[in-house]
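**Q** Take this structure, written in structure tokens, and hold onto it; I'll ask about it next.
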Amino acid sequence: MAKVTLGKKACSVNPLKMSQPIGGALAFMGLRGAMPLLHGSQGCTSFGLVLFVRHFKEAIPLQTTAMSEVATVLGGYENVEQAILNIHKRAKPEIIGICSTGVTETKGDDVEGFIKLVRENHPEVKDLPIVYVSTPDFKDAFQDGWEKTVARIVDVLVEAPKTQTRRDPARVNVLPGCHMTPGDIDELRTIIEDFGLEPAFLPDLGGSLDGHIPDEFTPTTIGGIGVEDVAAMGYASWTIAIGAQMRRAAEAMQRKTGMPFRVFERLCGLAPNDEFMAFLSEISGRPVPLKYRRQRGQLVDAMLDGHFHIGGRKLAIGAEPDLLYDVGSLLHEMGAHIDAAVTTTQSPVLERLPAEDVLIGDLEDLEKLAGDKGCDLLVTHSHGRQAATRLNIPFYRVGIPMFDRLGAGHQTTVGYRGTRTLIFSVSNLIIEDHENNHEPTPETWRDGGHAANSVIAH
Amino acid sequence: MSSLSATIQDVFNEPGCGKNANKSEAERKKGCTKQLQPGGAAGGCAFDGAKIALQPLTDVAHLVHGPIACEGNSWDNRGAKSSGSNIWRTGFTTDMNETDVVFGGEKRLFKAVREIIERYDPPAIFVYQTCVPAMIGDDIDAVCKAAREKFGKPVIPVNAPGFVGSKNLGNKLAGEALLEHVIGTEEPEYTTPYDINIIGEYNLSGELWQVKPLFDELGIRILACISGDGKYKEVASSHRAKAAMMVCSKAMINVARKMEERYAIPFFEGSFYGIEDTSDSLREIGKLLVARGAPAELLDRIEIVIAREEAKAWAAIAKYKPRFNGKRVLLITGGVKSWSVVAALQEAGLDLVGTSVKKSTKEDKERIKELMGQDAHMIDDMTPREMYKMLKEAKADIMLSGGRSQFIALKAMMPWLDINQERHNAYMGYVGMVTLVAEIDKALYNPVWEQVRRPAPWEKAGENWRARAMRQMEAEAAALAVDPVAAEAARREKKICHCKSVDLGTIEDAIRAHTLTDVDGVREHTHASGGCGACSQRIEEIFADIAAVPLAVAAE
Ligand code: SF4
Numbered sequence: 001m002a003k004v005t006l007g008k009k010a011c012s013v014n015p016l017k018m019s020q021p022i023g024g025a026l027a028f029m030g031l032r033g034a035m036p037l038l039h040g041s042q043g044c045t046s047f048g049l050v051l052f053v054r055h056f057k058e059a060i061p062l063q064t065t066a067m068s069e070v071a072t073v074l075g076g077y078e079n080v081e082q083a084i085l086n087i088h089k090r091a092k093p094e095i096i097g098i099c100s101t102g103v104t105e106t107k108g109d110d111v112e113g114f115i116k117l118v119r120e121n122h123p124e125v126k127d128l129p130i131v132y133v134s135t136p137d138f139k140d141a142f143q144d145g146w147e148k149t150v151a152r153i154v155d156v157l158v159e160a161p162k163t164q165t166r167r168d169p170a171r172v173n174v175l176p177g178c179h180m181t182p183g184d185i186d187e188l189r190t191i192i193e194d195f196g197l198e199p200a201f202l203p204d205l206g207g208s209l210d211g212h213i214p215d216e217f218t219p220t221t222i223g224g225i226g227v228e229d230v231a232a233m234g235y236a237s238w239t240i241a242i243g244a245q246m247r248r249a250a251e252a253m254q255r256k257t258g259m260p261f262r263v264f265e266r267l268c269g270l271a272p273n274d275e276f277m278a279f280l281s282e283i284s285g286r287p288v289p290l291k292y293r294r295q296r297g298q299l300v301d302a303m304l305d306g307h308f309h310i311g312g313r314k315l316a317i318g319a320e321p322d323l324l325y326d327v328g329s330l331l332h333e334m335g336a337h338i339d340a341a342v343t344t345t346q347s348p349v350l351e352r353l354p355a356e357d358v359l360i361g362d363l364e365d366l367e368k369l370a371g372d373k374g375c376d377l378l379v380t381h382s383h384g385r386q387a388a389t390r391l392n393i394p395f396y397r398v399g400i401p402m403f404d405r406l407g408a409g410h411q412t413t414v415g416y417r418g419t420r421t422l423i424f425s426v427s428n429l430i431i432e433d434h435e436n437n438h439e440p441t442p443e444t445w446r447d448g449g450h451a452a453n454s455v456i457a458h
Numbered sequence: 001m002s003s004l005s006a007t008i009q010d011v012f013n014e015p016g017c018g019k020n021a022n023k024s025e026a027e028r029k030k031g032c033t034k035q036l037q038p039g040g041a042a043g044g045c046a047f048d049g050a051k052i053a054l055q056p057l058t059d060v061a062h063l064v065h066g067p068i069a070c071e072g073n074s075w076d077n078r079g080a081k082s083s084g085s086n087i088w089r090t091g092f093t094t095d096m097n098e099t100d101v102v103f104g105g106e107k108r109l110f111k112a113v114r115e116i117i118e119r120y121d122p123p124a125i126f127v128y129q130t131c132v133p134a135m136i137g138d139d140i141d142a143v144c145k146a147a148r149e150k151f152g153k154p155v156i157p158v159n160a161p162g163f164v165g166s167k168n169l170g171n172k173l174a175g176e177a178l179l180e181h182v183i184g185t186e187e188p189e190y191t192t193p194y195d196i197n198i199i200g201e202y203n204l205s206g207e208l209w210q211v212k213p214l215f216d217e218l219g220i221r222i223l224a225c226i227s228g229d230g231k232y233k234e235v236a237s238s239h240r241a242k243a244a245m246m247v248c249s250k251a252m253i254n255v256a257r258k259m260e261e262r263y264a265i266p267f268f269e270g271s272f273y274g275i276e277d278t279s280d281s282l283r284e285i286g287k288l289l290v291a292r293g294a295p296a297e298l299l300d301r302i303e304i305v306i307a308r309e310e311a312k313a314w315a316a317i318a319k320y321k322p323r324f325n326g327k328r329v330l331l332i333t334g335g336v337k338s339w340s341v342v343a344a345l346q347e348a349g350l351d352l353v354g355t356s357v358k359k360s361t362k363e364d365k366e367r368i369k370e371l372m373g374q375d376a377h378m379i380d381d382m383t384p385r386e387m388y389k390m391l392k393e394a395k396a397d398i399m400l401s402g403g404r405s406q407f408i409a410l411k412a413m414m415p416w417l418d419i420n421q422e423r424h425n426a427y428m429g430y431v432g433m434v435t436l437v438a439e440i441d442k443a444l445y446n447p448v449w450e451q452v453r454r455p456a457p458w459e460k461a462g463e464n465w466r467a468r469a470m471r472q473m474e475a476e477a478a479a480l481a482v483d484p485v486a487a488e489a490a491r492r493e494k495k496i497c498h499c500k501s502v503d504l505g506t507i508e509d510a511i512r513a514h515t516l517t518d519v520d521g522v523r524e525h526t527h528a529s530g531g532c533g534a535c536s537q538r539i540e541e542i543f544a545d546i547a548a549v550p551l552a553v554a555a556e
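Protein chains in written order, with UniProt numbering: chain L, 1 to 458; chain V, 1 to 556.
Here's what the structure looks like:
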């Protein structure tokens, strides 16, 4: 439906986009005992670190090969070697995940070759799992970094099953996109388990960045899926991919293990969850548990209550493709019109967005579109707060980074319950805005002021 | 890049830098290009430092030339405050793509400048160089020059790509950009005998505004603050100030010193953290202004203000004394001079169980000893585990530190207060110290601690992770206690020089083997202190230790 255009400005103003390598690093954080390592200069890592700390409010494992100017010119073998050895010695990780950056890609470091050499020269890291992904900053965006990294983890770490007969019908693999929060993962786990299935999440941010108290002092991740559990994923019976971005990893899984997969492009909304429930019921051979039948009823009720407020809203939304598609579609189904949509990178779901246009651009574009079209609801990450103030419209935060509010990791939008929560939060925001800014007064009625307009609009 | 390396050399040669003063000629030439350890910790890059230093200039457009990583991951993440324009909060970047990397990004940069001028028309644009365009040879100086000529507007190149060094180097390179392209290029509308510059103050959380009313009352005008809540024109005409105050962080010492050299503006290094420090700074400003021709009665007026403000502040702090009786504080800071806070905390009746001295100079350490006594616990560099142990063993009731270590305290269920950059409260000046004390009180007496420390009903005594961690550490300590060989090995393993990764044992051996007597000798034989030079002090302490136990040496 939507026409996708690429912004033409030379200067990106108020970026919506974040870089690929940190998307990759976040994916590695969903592995247990992992240390993500950015092959680049120190600043690239430190910015990523600060971003995640501010978002999750947790200690974040992230390391750098600390490429200096000279090292960058000469090539980074020594830095990669030292970094691996140092991390191995100090942090004793179960896995090191390496993402390249713009700096090292410009030089063209052969990191795969480096790793091979390091293994040859240092027997102590011969068997240490090390996964490398190429993620230059000057290409693509955060979501692509996550996508490539998960696919790469599948390629490198999942073992091809030795025999097809050992497949366990109760086990399913879940590949969540980077738009799933730790809270979403928890919710999905519960739902899938309630069907008597055993899900393995790759990556599993639910276990590592969900804000629990750690078991001990460790500089690596403290939860997530273990390397051996990833290896054993080939013995599950199904792969469920969530978000179009995860198709690539699901295909990699199929190539490697012959496993069938199903992609759920979104899990926020009534129809997508009906499909999801039906699918789980089918593969588990169990009826949909009573709990979810009730939750479905509650969601329907919430949709009825919420449509008064969300219906007719002119929505401006900025997010990475899968998140945009997920939340945008739901709000559209609640009666909002997506009048301004901006995203960061190409994706097949963009065309399916129920909007006329999607722009690959920045928050300046979003702000301008929102202003021109008279949007009265802004949905994007925390960086949109300045635009919301200027536009003077209600602002709902989704995605990464969300540094100026608490609970980013626990915001849940999947399942009937998550969808219901989202509808309530957005509706309440709109109600509050109406109370604060649009209560009718004799003046507004007299001169057909904005309060009256906002009710009539659309 | 040759002009950039010349600038870097120049910055390293900074005679005003306290750290430099302690170095030999040869050492100084090497500069402070602290080589970070791959896989060690990661601090910010030079670009980060340059941006931190200049972004508080509020009416300027800050354009980052590079791929999305440098600006996209980081913009809008600092708490400087503006009393006017908000354009500094807008993230501008060329967001270079693959084609730019292959064919060069200069055209895109020039177009970006034009777009900004057309749409935002700021009084000036600062263009920041980053690693990738630096590698492919984009000449931002030339682009800025062309843009300047074409648009008739200051377009200032800030040449500090991340990989040339640390955040601190970036601060200084930012200063160089101001010196070369901004300061002295315009004239103030008028001048007064009471015009001062404040250098190296970023107005985080609006802190400067806590002190500004005192200046206003005294008739002292801040001609330019570089760069907190600064405006382009103010900085451009700041060369007409009569005196300058360099705020304690050494970030922009080169600016202060070169302005003294070029425009005869005397400066002193002072701080507005801590009550006595604030008073000292006010006095010092008065002295400098009077020496430059302001009427001497200014000094009397300053004394009156100081007396009044100090009395008010001490009275406000004294109220907390009974509540703080027996409460103990662990202070871990990176940059801020610990001792300037120590006095106020002690006045409030708090016990200090330790303070970090990671970035403190020798004099700082002396002052801490003066304030806290000889057995002051000074902490150099600690792992999270050690920090936790410190919290437990010293039985501190609260930890004050930067955001990086907050999770150690919080997960240990310890009250914690942010006293670094990202804090939300302003602690400057007389009122600031009172705020700090009030915040400590709030944190200490929050009933949440009692709640969160309560074990779950199913938890067996001593079986939570904290107990396990403590046991683990105790077991390790006990094992070392009965095994002198292992203990000695552990002692010798302690890293002294982090840049070149040299441990205590290696240095001790070298000292003995070559009967070394000074840091230069140690550097020659071990490479220690060949990096940032921060460990030269620690090495001197090793000399002192070895001298103190000659018998043990003989026995070995
Ligand atoms: S190190 Fe270089 S590439 Fe990385 S953030 Fe800093 S300036 Fe950008």
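Idealized CB from N, CA, C, for every residue including glycine.
Keep in mind the model is a prediction, meaning the values are calculated, not measured.
Look at V:His527 and V:Val502 and say whether their C-beta atoms are less than 8 Å apart.
**A** Going by C-beta atoms, V:His527 is nearer than 8 Å to V:Val502.
**Q** On the criterion of 16 or more Cβ atoms from any shown chain inside 10 Å, does L:Asn428 qualify as buried, or is it exposed?
**A** Exposed: under 16 other Cβ atoms inside 10 Å.
**Q** Any C-beta of chain V sitting closer than 8 Å to the C-beta of L:Lys8?
**A** Not one chain V Cβ lies under 8 Å of L:Lys8.
**Q** Against chain V, with Cβ distances strictly below 8 Å, would L:Asp365 count as a contact?
**A** No, L:Asp365 lies away from the interface with chain V (no Cβ there is under 8 Å from its Cβ).
**Q** Buried or exposed for L:His309, going by 16 or more other Cβ atoms inside 10 Å?
**A** It is buried - the Cβ of L:His309 has at least 16 other Cβ atoms within 10 Å.
**Q** Which chain L residues sit within Cβ distance under 7 Å of V:Asp76?
**A** Within chain L, the residues near V:Asp76 are His383.
**Q** Name, in chain order, the residues that DSSP records as bridge partners for V:Gly230.
**A** Looking at the DSSP assignment, V:Gly230 forms a beta bridge with V:Leu57.
**Q** Might you give, ordered along the chain, the residues of its own chain that have their beta carbon closer than 6 Å to the beta carbon of V:Lys29, omitting 5 neighbours on each side?
**A** Summary for V:Lys29: the model assigns pLDDT 48, below 50, so the residue's position carries little reliability; its value from the coordinates is reported in the next sentence. Closer than 6 Å at Cβ, skipping near neighbours: no residue.
**Q** Which residues mark the beginning and the end of the beta strand (DSSP E) in which L:Thr380 is found?
**A** 377 to 380 is the extent of the beta strand (DSSP E) around L:Thr380.
**Q** Around the C-beta of L:Ile283, are 16 or more other C-beta atoms found within 10 angstroms, so that it is buried, or is it exposed?
**A** By the neighbour-count rule (16 or more Cβ atoms within 10 Å), L:Ile283 is buried.
**Q** Ligand 1 heavy atoms versus the CB of residue 564 of chain V: any closer than 7 Å?
**A** Past the edges of chain V, shown from 1 to 556, lies residue 564 of chain V, and the structure says nothing about it.
**Q** Does the beta-carbon of L:Cys424 have 16 or more other beta-carbons within 10 angstroms, so that it is buried, or is it exposed?
**A** In the sequence on display, residue 424 of chain L carries Phe and not Cys. L:Phe424 should be labelled exposed.
**Q** Kindly indicate which three-state DSSP category L:Tyr132 falls into: helix, strand or coil?
**A** DSSP places L:Tyr132 in strand when its eight states are reduced to three.
**Q** Which residues in chain L have a C-beta closer than 8 Å to the C-beta of V:Thr94? List them in chain order.
**A** Correct list: Ala10, Cys11, Ser12.
**Q** Anyone know if the C-beta pair for L:Thr421 and L:Val327 falls short of 8 Å?
**A** Not in contact: L:Thr421 and L:Val327 (Cβ atoms no closer than 8 Å).
**Q** Whose Cβ in chain V lies nearer than 7 Å to the Cβ of L:Ser41?
**A** Result: Cys45, Cys131, Gly162, Phe163.
**Q** Per DSSP, what kind of secondary structure is L:Phe138 in: helix, strand or coil?
**A** It is coil, neither helix nor strand.
**Q** How do the segment 251 to 270 of chain L and the segment 119 to 128 of chain L stand: do at least 3 beta-carbon pairs fall below 8 Å, yes or no?
**A** No, the segment 251 to 270 of chain L does not touch the segment 119 to 128 of chain L.
**Q** So which of V:Gly274, V:Arg308, V:Leu391, V:Ala467 has the shortest CA-CA distance to V:Gly432?
**A** For V:Gly432, the nearest C-alpha among the options comes from V:Gly274.
**Q** Just to confirm my understanding: we take V:Glu201, look at its own chain, exclude 5 residues before and 5 after, and list those with CB closer than 7 Å. What are they?
**A** Correct list, in chain order: Leu208, Cys225, Gly228, Val247.
**Q** Output, in chain order, the set of chain L residues within a Cβ distance shorter than 9 Å of V:Leu63.
**A** What V:Leu63 touches in chain L: Cys11.
**Q** Which value, in whole angstroms, describes the spacing of the CA atoms of L:Ala232 and L:Pro321?
**A** If I take the Cα positions, the gap works out to 31 Å.
**Q** Could you tell me which chain L residues have their CB closer than 8 Å to the CB of V:Gly521, listed as they occur along the chain?
**A** By Cβ distance, chain L contributes nothing, its closest Cβ being about 27 Å from V:Gly521, past 8 Å.
**Q** Could you name the residues of the same chain whose beta carbon sits closer than 6 Å to that of V:Ile8, not counting the 5 residues immediately before and after it, in chain order?
**A** Excluding sequence neighbours, V:Ile8 sits near nothing in its chain.
**Q** Taking L:Arg405 as the reference, give the member of L:Gly418, L:Ala387, L:His383 with the closest Cα.
**A** Nearest C-alpha to L:Arg405: L:His383.
**Q** Taking 7 Å as the cut-off, does the CB of L:Ser41 come closer than this to any heavy atom belonging to ligand 1?
**A** Yes - ligand 1 has a heavy atom lying nearer than 7 Å to the Cβ of L:Ser41.
**Q** Using a Cβ cut-off of 8 Å (strictly closer), state whether V:Val60 contacts chain L.
**A** Chain L, which has no Cβ nearer than 8 Å to the Cβ of V:Val60, makes this no.
**Q** Who are the near neighbours of L:Ala160 in its chain, counting only those whose CB is closer than 7 Å to its CB and skipping five residues on each side?
**A** Gly234, Lys256, Thr257, listed in sequence order.
**Q** Are there any heavy atoms of ligand 2 lying less than 7 Å away from the beta-carbon of L:Gly24, as far as the coordinates show?
**A** The model on display carries ligand 1 but not ligand 2.
**Q** Whose C-beta lies closer than 6 Å to the C-beta of V:Tyr388 among residues of the same chain, with five residues either side of it excluded?
**A** Ile408, Ala412.
**Q** Which value, in whole angstroms, describes the spacing of the CA atoms of L:Gln82 and V:Gly49?
**A** Distance between the alpha carbons of L:Gln82 and V:Gly49 is about 26 Å.
**Q** Anyone know if the C-beta pair for V:Val143 and V:Ala46 falls short of 8 Å?
**A** It is not a contact, given that the beta carbons lie outside the stated cut-off.
**Q** Within a Cβ cutoff of 8 Å, which residues of the same chain sit near V:Ile136, ignoring the five residues on either side of it in sequence?
**A** Excluding residues within five positions, the ones whose Cβ falls inside 8 Å are Val101, Gly104, Gly105.
**Q** Considering only C-alpha positions, which residue in the set L:Arg32, L:Pro21, L:Gly318 is nearest to V:Pro67?
**A** It is L:Pro21.
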